[in-house]
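Numbering (the numbering used here), first residue to last: 1 to 375. First comes the structure, then the notes that go with it.
Written out as structure tokens, the structure is:
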């Protein structure tokens, strides 16, 4: 049956958790049996406590929800919710594919191997492979709000799938190489990227971070990537840092967030940087900001799921494992309290599949099965 899910019993021997729900997340009873129970298999070993079982059930129920929603389309993509404000099909499909992969399945293998394969196939299908096309390599539906941000997540998903697939499928390799090419030729003059798949003078930090991570993952999977492109992009990310340690959205803006700062740390970690003045200043800014939020009972994030994913990755890579452990401990209570009865989490902005995919990814980080989650 391929990789199995009992590894989460060991994964959750230490208390773990998640961040608060996004706009409109509603408390619900997540403790009872529900979807996902049929795909959990146990292995002999240390006996997990009640909290471990609850966290594992939450993850399994989330993945089952994604599998169910995927079946509604019959295409490998994920349908929008009637109440969501924006349609981001490529980004949501890519994040869901990553969630399936992070849980231990690979395309065509494992409990969610079918779902992972369908999602990856959909992304390949949406990759522009027409040689003469001005957007050759771009992964898009044509009316997707995620645009190059979604392209970055899609390229990341293809790279992770390629690295986890035996035999290195040629069709996957072709699409991945083309997607990497589109990123390379779209780099702007400042070293960053914008929302359109072409080189422009403007730039945006969150898009740049998504594309840099995709390039690093592709290179780690064996795809040729121009090192000059990565070097210029890493320099751009460094220049986003403000004197207070936070990272801003653009070089000509002072607007910064803790989520983008965590994403900046994660990007520089992927470049092989783990302990320098830039990263230490960023970490200090995050810990200070989180402490301030706790004291005030507020949060600065308009994109809490985005922030949660990158905070988890940034803390996970630290040598001081207590920082991740303590943060995760508090987060779990919030996430378990906002899971819906059907296994989902809610986002009125980008839909429940988006929120559920990110939450499942965060829960899967300590398993270390996805290459980008490996320490």
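Beta carbons: idealized from backbone N, C-alpha and C, even for Gly. Note that the structure is a prediction, hence the values are computed from the model and not measured.
Between residue 342 and the set 216, 143, 61, the nearest pair of CA atoms involves 61. Classified as exposed, residue 251 has fewer than 16 neighbouring CB atoms from the shown chains inside 10 Å of its CB. Taking the CA atoms as reference points, residue 371 sits about 18 Å from residue 169.
With contacts defined as CB atoms closer than 9 Å, residue 183 and residue 132 fail to qualify as a contacting pair.
By the Cβ criterion, the region 289-304 is not in contact with the region 233-242, since fewer than three pairs of Cβ atoms, one from each stretch, lie closer than 8 Å.
If you look at residue 347, you'll find it isn't in any alpha helix (DSSP H); DSSP assigns it neither H nor E.
When the Cα atoms are used, residue 298 and residue 281 turn out to be separated by approximately 23 Å.
The alpha-carbon separation between residue 107 and residue 161 amounts to approximately 7 Å.
Residue 158 counts as buried, since at least 16 other C-beta atoms from the protein chains shown sit within 10 angstroms of its C-beta. For residue 83, the CB contacts under 7 Å within the same chain, skipping 5 residues up- and downstream, are 348 in chain order. Residue pairing by DSSP places residue 294 in no beta bridge whatsoever. When DSSP states are grouped into helix, strand and coil, residue 256 belongs to the strand group. Contact annotation: residue 75 and residue 129 have beta-carbon atoms that are not nearer than 9 Å.
By the C-beta density criterion, residue 143 is exposed, having fewer than 16 other C-beta atoms within 10 angstroms. For residue 327, the enclosing alpha helix (DSSP H) stretches over residues 321-338.
Within the same chain, 67, 70, 100 come within 6 Å of residue 115 by CB-CB distance, once the 5 residues on both sides are set aside. Closest in alpha carbon position to residue 92, among 225, 113, 255, 152, is 152. Contact fails between the region 253-267 and the region 222-229, because fewer than three Cβ pairs, one in each stretch, are under 8 Å apart. For residue 200, the closest C-alpha among the options 279, 362, 192 is that of 192. Closest option to residue 65, judged by alpha-carbon separation, among 345, 375, 361: 345. It is roughly 28 Å from the alpha-carbon of residue 112 to the alpha-carbon of residue 212.
DSSP lists 139 as the beta-bridge partner residues of residue 127.
Its chain contains 205, 209, 237, 240, 241, 247, 282 as the residues whose beta carbon lies nearer than 8 Å to that of residue 264, once the 5 sequence neighbours on both sides are disregarded; these appear in chain order.
Here residue 312 has 362, 365 as same chain residues with Cβ atoms under 7 Å from its own Cβ, once five neighbours each way along the sequence are excluded. Annotated as proximal: residue 88 and residue 351, with beta-carbon spacing under 9 Å. Per the DSSP secondary-structure output, residue 109 pairs in a beta bridge with 106. The C-beta of residue 218 has 16 or more other C-beta atoms within 10 Å across all chains shown, which makes the residue buried. Setting aside the 5 residues that flank it on each side, residue 301 is surrounded in the same chain by 257, 258, 259, 307, each with a C-beta closer than 8 Å to its C-beta; the list follows chain order. For residue 241, the three-state secondary structure derived from DSSP is strand. According to the DSSP assignment, residue 209 belongs to the alpha helix (DSSP H) that extends over 205-220. Under the three-state reduction of DSSP, residue 247 is assigned to strand. Rounded to the nearest angstrom, the Cβ distance from residue 124 to residue 180 is 14 Å, too far for a contact under 8 Å.
Counted as a single uninterrupted DSSP element, the stretch harbouring residue 86 is not any alpha helix (DSSP H), since DSSP gives it neither H nor E.
Under a 10 Å Cβ-count criterion, residue 134 is classified as exposed, with fewer than 16 other Cβ atoms of the shown protein chains found around its own Cβ. Distance between residue 85 and residue 196, taken at the CA atoms: about 21 Å. In the three-state DSSP reduction, residue 54 falls in the helix class (H, G or I).
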